[in-house]
Amino acid sequence: MPFMHLDQNHLDTIHSWLQQNHLLVPEEEILSAEKAGEGNMNYTLRINSNLRSFILKQARPYVEKYPSIAAPVERAAMEAAFFKAAAQWEGVGEMLPRLLFFAPEDHLQMIEDLGAGADFTAFYQRKEVIPQKELASLLKFLHALHQQSRENPPGHNFQNRAMRELNHFHIFDFPFQPENGLNLDGIQEGLQALAQRTIFQQAKLREKTMALGLRYLADGDTLLHGDFFPGSWLRTERGVFVIDPEFCFQGDAEFDLGVCLAHLCFCGMEWSVALDILRGQYGAFDADLCQDFAAVEILRRIYGVGQLPLSMSIAEKEAVTLIAIEQLLT
Ligand SMILES: Nc1ncnc2c1ncn2[C@@H]1O[C@H](COP(=O)(O)OP(=O)(O)OP(=O)(O)O)[C@@H](O)[C@H]1O
Ligand SMILES: [Mg+2]
6 MPFMHLDQNH LDTIHSWLQQ NHLLVPEEEI LSAEKAGEGN MNYTLRINSN
56 LRSFILKQAR PYVEKYPSIA APVERAAMEA AFFKAAAQWE GVGEMLPRLL
106 FFAPEDHLQM IEDLGAGADF TAFYQRKEVI PQKELASLLK FLHALHQQSR
156 ENPPGHNFQN RAMRELNHFH IFDFPFQPEN GLNLDGIQEG LQALAQRTIF
206 QQAKLREKTM ALGLRYLADG DTLLHGDFFP GSWLRTERGV FVIDPEFCFQ
256 GDAEFDLGVC LAHLCFCGME WSVALDILRG QYGAFDADLC QDFAAVEILR
306 RIYGVGQLPL SMSIAEKEAV TLIAIEQLLT
């Protein structure tokens, strides 16, 4: 079968691909295809048939939004393997969409449609706080995922090396290189000067982020989601769901927790309050390692390529930058 290039304007191609893979029921007709939601990495469609809707998500050898940036296609197989392994785990599978089919040669997943709900990125506006119940359910999910993966080691290799190396570069390395060429003032006037007087002049900070980066690259025995932030959390009629585990790997649980902590702070929560909520809802973990990962995540989101829809003044960014640096250097 030739490689299938998913395209919302070619319903006939989508139809025959589904048919060839025996994914359509007898009376089923494809009526329309639309963008499933906001996303950068992959090509993700919601397909509407006369009987149901479902998601088709294709990984291409580049970042969908920036085709000049290469990206490893193995991410589709990693995500599919994650969905498969985690579907059976209690407290985990119930909060994940079902994987309906995976075509390895096309790097294409067919996934249960959770409906056109919103993700949690609106909370970056800090107009309201993330409801406690939803946050509790996300942290219980995370704990169950980590624990179940240790108790029932999946028979799959979740090294996800290429994706991890890509992420490693953008989290632990690039943002801290003074000559990286990123136009920070193009993101926000005054950001370049702020970087100069905070993160760019500190050899010790660079040493620390490099050491943490090695920790991120090391293999562990806990399966992580790998990108546990508001863009991966979906609000649906059936409650909160977790999507997009393409950065999953087996490592330190504290990486997922640290990323989560950083984003709770971006959503307006005090650092210590957020940490207490993690402790209360998730349970025990290495708080220092978690906070180190959180601090790096904060800095890379402010000074790196993976920008968020934040509405923070330079003064506010300076305040969180100083908190993050203090965490990393003491
Ligand atoms: N199973 C699903 N049910 C409903 N909507 C979904 C589902 N999967 C994805 N979506 C929608 O499509 C959007 C993009 O999906 P996803 O985050 O998986 O893609 P991505 O390209 O990896 O995104 P990113 O660049 O943020 O990593 C989601 O934000 C969500 O709105
Ligand atoms: Mg993604």
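6 is the number of the first residue of the sequence shown in our numbering; add one for each residue after it.
For each residue, glycine too, the CB sits at the ideal point set by N, CA and C.
Own chain, CB closer than 7 Å to residue i, minus 5 neighbours either side, in chain order
| i | result |
| --- | --- |
| histidine 175 | Arg305, Gly309, Val310, Gly311 |
| alanine 75 | Pro66, Tyr67 |
| alanine 82 | Pro109 |
| alanine 141 | Gln286 |
| aspartate 291 | Glu259 |
Spatially closest choice to residue i from the options, by CA coordinates
| i | options | result |
| --- | --- | --- |
| proline 102 | Pro109, Ile319, Phe88 | Phe88 |
| arginine 155 | Ser318, Ala292, Asp257, Leu283 | Asp257 |
| glycine 42 | Thr126, His20, Phe107 | Thr126 |
| valine 315 | Gly236, Phe163, Ile282 | Rather than valine, the amino acid found at residue 315 in this sequence is leucine. Nearest option by C-alpha distance: Gly236. |
| serine 73 | Asn45, Gln63, Glu95 | Asn45 |
| asparagine 185 | Gln201, Ile303, Leu239, Gly231 | Gln201 |
| leucine 143 | Trp22, Leu239, Thr326 | Leu239 |
| alanine 329 | Leu313, Leu283, Val264, Asp291 | Val264 |
| phenylalanine 234 | Phe177, Tyr221, Ile248, Leu222 | Ile248 |
| isoleucine 116 | Thr227, Lys40, Phe59 | Phe59 |
| phenylalanine 298 | Phe271, Ala324, Ala267, Ile282 | Ala267 |
| alanine 300 | Leu29, Thr227, Leu210 | Leu210 |
| aspartate 281 | Ala167, Gln137, Phe181 | Gln137 |
| alanine 198 | Ile307, Cys253, Ser277 | Ile307 |
| glutamate 39 | Ala320, Asp111, His15, Pro31 | His15 |
Beta-carbon contacts of residue i that lie in its chain and below 8 Å, excluding the five residues immediately before and after
| i | result |
| --- | --- |
| valine 97 | Ala91, Phe146, Ala149, Leu150, Gln153 |
| asparagine 26 | Phe106, Ala108 |
| threonine 241 | Leu119, Gly120, Gly122 |
| glutamate 69 | Gly44, Asn45, Met46, Asn47, Tyr48 |
| asparagine 207 | Inspection of the sequence shows that residue 207 is occupied by glutamine rather than by asparagine. These residues qualify, in order along the chain: Ile330, Leu334. |
| glutamate 95 | Ala149, Gln153 |
Alpha helix (DSSP H) segment containing residue i, residue limits
| i | result |
| --- | --- |
| methionine 215 | 208-222 |
| isoleucine 328 | 319-334 |
| phenylalanine 88 | 79-92 |
| glutamine 63 | Per DSSP, glutamine 63 belongs to no alpha helix (DSSP H); it is in the beta strand (DSSP E), 58-63. |
Range covered by the beta strand (DSSP E) that runs through residue i
| i | result |
| --- | --- |
| arginine 255 | In the sequence as presented, arginine is not what sits at residue 255; that position holds glutamine. Element bounds for glutamine 255: 254-256. |
| glycine 53 | In the sequence on display, residue 53 carries asparagine and not glycine. 48-54 is the span of the beta strand (DSSP E), which, as asked, contains asparagine 53. |
| arginine 240 | 238-241 |
| isoleucine 35 | 35-40 |
Between the CA atoms of residue j and residue i - distance to the nearest angstrom
| i | j | result |
| --- | --- | --- |
| methionine 317 | isoleucine 19 | 42 Å |
| glutamate 302 | leucine 56 | 43 Å |
| glutamate 251 | alanine 86 | 10 Å |
| glycine 231 | leucine 262 | 10 Å |
| methionine 337 | valine 134 | Any question about residue 337 goes unanswered here, given that the chain covers just 6 to 335. |
| glutamate 33 | glutamine 24 | 10 Å |
| aspartate 224 | proline 158 | 14 Å |
| glutamate 84 | isoleucine 204 | 34 Å |
| tyrosine 221 | glutamate 212 | 14 Å |
| leucine 11 | glutamine 114 | 11 Å |
Residue i: CB within 7 Å of a non-hydrogen atom of ligand 4
| i | result |
| --- | --- |
| methionine 46 | This structure lacks ligand 4; its bound ligands are ligand 1 and ligand 2. |
Curious, which full-length beta strand (DSSP E) runs of at least 3 residues does the region 98-148 contain? 104-108, 113-117
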